[in-house]
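A short write-up of the structure that comes next.
Residue numbers (my numbering): 457 to 484.
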């Protein structure tokens, strides 16, 4: 059972990862 803050944190981390993969693929 997650709190809203935990879900929001995971969502933001996923968004950051997706933007990294989309805009800076040569960094990985």
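Every residue gets a Cβ at the ideal spot worked out from N, C-alpha and C, and that includes glycine.
(1) Tell me the DSSP secondary structure of residue 475 in three-state form.
(2) So, for residue 481: in the same chain, excluding its five sequence neighbours on each side, which residues have a beta-carbon less than 6 angstroms away from its beta-carbon?
(3) Alpha carbon to alpha carbon, how far is residue 479 from residue 472?
(4) For residue 467, which three-state DSSP category applies?
With the structure as the only source:
(1) Residue 475 sits in a helix when the DSSP states are folded into three classes.
(2) none
(3) 11 angstroms
(4) helix
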